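Participant: Let me give you the structure first, and then I'll get to my questions.
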Amino acid sequence: MRPARTADVRAIRALVTPLAEQRVLLQKEAVAYYESVGDFVVAEQDGTVVGCGALHVLWEDLGEVRTLAVDASALGTGVGSALLDALVERARALGLSRLFCLTFETAFFGRHGFTAIEGQAVEPAVYAELLRSYDEGVAEFLDLERVKPNTLGNTRMLRVL
Numbered sequence: 007m008r009p010a011r012t013a014d015v016r017a018i019r020a021l022v023t024p025l026a027e028q029r030v031l032l033q034k035e036a037v038a039y040y041e042s043v044g045d046f047v048v049a050e051q052d053g054t055v056v057g058c059g060a061l062h063v064l065w066e067d068l069g070e071v072r073t074l075a076v077d078a079s080a081l082g083t084g085v086g087s088a089l090l091d092a093l094v095e096r097a098r099a100l101g102l103s104r105l106f107c108l109t110f111e112t113a114f115f116g117r118h119g120f121t122a123i124e125g126q127a128v129e130p131a132v133y134a135e136l137l138r139s140y141d142e143g144v145a146e147f148l149d150l151e152r153v154k155p156n157t158l159g160n161t162r163m164l165r166v167l
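Just so you know, the sequence shown maps onto residues 7 to 167 in the numbering used here.
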């Protein structure tokens with residue numbers, strides 16, 4: 007596990023592409039990955055990036071796990087769990103007390119302490135502040151109508167740290 011570098015963006019996109027084609031993850035433009043490369047950690051085996059995940063801070067106590075992806079060759083080897091553990095540690099180091107994810111992989115996240123939620127995970131005043139964000143992931147977190155086609159079938163989950 008290590009922090010991602012700009013040189014990893016192509017590998018991150020290669021991990022995401024098949025999952026985006028299956029409508030499991032959203033594919034983003036390359037520029038979005040470069041802009042958020044500091045949010046990412048990657049798993050490397052023998053010099054090859056085999057997994058990635060990002061932690062995006064939403065508010066003073068709340069972060070979101072984004073773009074958790076593992077290459078098919080490394081599935082079932084613990085890479086996904088190790089990535090998520092690294093993101094949880096990063097969240098703690100930042101002082102976050104809650105983590106959110108929007109996922110189809112409810113069993114995986116459930117094994118890691120996440121539980122399904124209904125409604126909003128923030129107070130109304132924070133919700134109003136978050137509405138000002140241009141970030142599409144924040145819009146998904148807020149469950150805004152304009153992002154519904156991207157989130158159909160996903161489960162909103164939260165973990166208290």
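Ideal Cβ placement from N, Cα and C applies to all residues, glycine included. Keep in mind that this is a model prediction, so the values were computed, not measured.
1. Report the option in TRP65, GLN28, ARG165 whose CA atom is closest to the CA atom of ALA134.
2. In whole angstroms, what is the alpha-carbon distance linking GLU111 and LEU100?
3. Quick check: the Cα distance between GLN51 and ALA131, rounded to an integer number of angstroms?
4. Let's test the definition: count the other Cβ atoms within 10 Å of the Cβ of VAL166 and tell me whether it reaches 16, buried, or not, exposed.
5. On the criterion of 16 or more Cβ atoms from any shown chain inside 10 Å, does SER79 qualify as buried, or is it exposed?
6. Does the distance from the CB of LEU164 to the CB of ILE123 come in under 7 Å?
Facilitator: This is what the structure holds:
1. TRP65
2. 25 Å
3. 44 Å
4. exposed
5. exposed
6. yes
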